[in-house]
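To keep things clear, I will list the structure first and then write my remarks on it.
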Ligand code: NAP
């Protein structure tokens, strides 16, 4: 059961945080893993670390997912390296804050371009290979923010994460005849490099609002991604699953016992 050894996997935004955690879980399970991001420095360090984890190949690819041509080139490089592609984890995303009252067109376009267009472009670029796989998997990193919750300063971000779920439901129907499943993981607050930029006060207040009492790890997300990539998960499609230590459950902070 749960054999990922013969699978090839591409993780966008795989050089840091959640993406690197996802890539690490797949590498440990013996899969061939490609990580893609904009910065070469982050990629080189991540590829070296992932190489230590398992017997599969590890490849780093530079990409800006908001650029369609860049996604096409990313997919070509990975498919060439692995001889195909079975699993796309469309994870790259940004979460700068911007209050609604002062949000600029540039801020809105940037986050839509990476989080929403980037999801479309990455999926479209990998589609032929995922169809050829015969058991392709698309796993989106959405968020609890937008689909379930809100937070001041992140109206644009929440909109992008909810948009990914709208995309997912129709994509799941369109791709079902090709035996491709499309699912979304909704992380709660996960300790990543991007999360660290929110500051200690934000992180401490988030920890207090999580019934499990602490932020999650990138590997917590990776374990669900790995399961969704298995043969055993072939009948699960179009679904969103929160991985959040129970964060969306309490009706008030008083409901949390810790
Ligand atoms: P992170 O630590 O900032 O890592 C983001 C990754 O995405 C990096 O590898 C970054 O590398 C890459 N990236 C950013 N923009 C890109 C672009 N235009 N093209 C290609 N790669 C790009 O962030 P994270 O916390 O791991 O978040 C990852 C995903 O999880 C995002 O989609 C985010 O919305 C989602 N999420 C995170 C949390 C959380 O608590 N951390 C919660 C819910 C959802 P470069 O900068 O070098 O490109």
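Residue numbers (UniProt numbering): 1 to 258. Even glycine gets a Cβ: it sits at the ideal position worked out from N, Cα and C.
Let me know the secondary structure DSSP gives residue 137 once reduced to three states.
As a working note, residue 137 is residue 137 in the chain shown. It is a strand residue.
Considering just the uninterrupted stretch of the beta strand (DSSP E) at residue 12, what are its terminal residues?
For this step, residue 12 is matched to residue 12 along the chain shown. Segment 8 to 12, the beta strand (DSSP E) holding residue 12.
Check for me: the alpha helix (DSSP H) holding residue 20 runs from which residue to which?
Here the question's residue 20 lines up with position 20 in the chain shown. Looking at the DSSP string, the run of the alpha helix (DSSP H) that includes residue 20 is 17 to 28.
Should residue 215 be labelled buried (16 or more other beta-carbon atoms within 10 Å of its own) or exposed?
As a position in the chain shown, residue 215 is number 215, starting the count at 1. Buried, by the Cβ-count rule.
With distances taken between CB atoms, is the gap from residue 46 to residue 35 smaller than 8 Å?
Within the chain shown, residue 46 is the residue found at index 46, counting from 1. Within the chain shown, residue 35 is the residue found at index 35, counting from 1. Yes, they are a contact pair.
At the level of alpha carbons, what is the spacing between residue 223 and residue 26?
The residue given as residue 223 occupies position 223 in the chain shown. The residue given as residue 26 occupies position 26 in the chain shown. So the two alpha carbons sit approximately 9 Å from each other.
What do you get for residue 267, buried or exposed, if any count of 16 or more other CB atoms within 10 angstroms of its CB means buried?
Residue 267 is absent from the structure shown; the chain starts at 1 and stops at 258.
Taking all protein chains shown into account, do 16 or more other C-beta atoms lie within 10 angstroms of the C-beta of residue 196, making it buried, or fewer, making it exposed?
Here the question's residue 196 lines up with position 196 in the chain shown. Classification of residue 196: exposed, given that the 10 Å Cβ count is below 16.
Compute the Euclidean distance between the alpha carbons of residue 102 and residue 181, then round it to the nearest angstrom.
As a working mapping, residue 102 is identified with position 102 in the chain shown. As a working mapping, residue 181 is identified with position 181 in the chain shown. Rounded to whole angstroms, residue 102 to residue 181 spans 39 Å at the Cα level.
What's the call for residue 105, buried or exposed, on a 16-neighbour Cβ count within 10 Å?
Position 105 of the chain shown, counting from 1, holds the residue named residue 105. Exposed, by the Cβ-count rule.
Between which two residues does the beta strand (DSSP E) carrying residue 32 extend?
For the purposes of this step, residue 32 is taken as residue 32 along the chain shown, with counting starting at 1. Run containing residue 32: 32 to 37, per the beta strand (DSSP E) assignment.
Could you tell me if residue 86 is buried or exposed, where buried requires 16 or more neighbouring beta carbons within 10 angstroms of its beta carbon?
Here residue 86 is taken as the residue at index 86 of the chain shown, counted from 1. Per the 10 Å Cβ criterion, buried.
Same chain, Cβ closer than 6 Å to residue 281, five either side skipped, listed in chain order
Here the chain has residues from 1 to 258 only, and residue 281 is not among them.
Assigned secondary structure, residue 187 (DSSP; H/G/I helix, E/B strand, else coil):
The residue given as residue 187 occupies position 187 in the chain shown. The answer is strand: DSSP assigns residue 187 an E or B state.
How big is the Cα-Cα spacing for residue 108 and residue 161?
Taking the chain shown and counting its residues from 1, the one referred to as residue 108 is at position 108. Taking the chain shown and counting its residues from 1, the one referred to as residue 161 is at position 161. Taking the straight line from one Cα to the other gives about 13 Å.
May I ask you to report which of helix, strand or coil DSSP gives residue 127?
Position 127 of the chain shown holds residue 127. Here residue 127 sits in helix by DSSP.
Other residues of its chain near residue 54: CB distance less than 6 Å, five sequence neighbours each side excluded
Stepping through the chain shown from its first residue, residue 54 is reached at position 54. These residues qualify, in order along the chain: 27, 28 and 30.
In the DSSP assignment, the beta strand (DSSP E) including residue 241 goes from what residue to what residue?
Within the chain shown, numbered from 1, the residue matching residue 241 stands at position 241. Taken as a continuous stretch (DSSP letters only), the beta strand (DSSP E) holding residue 241 covers 240 to 243.
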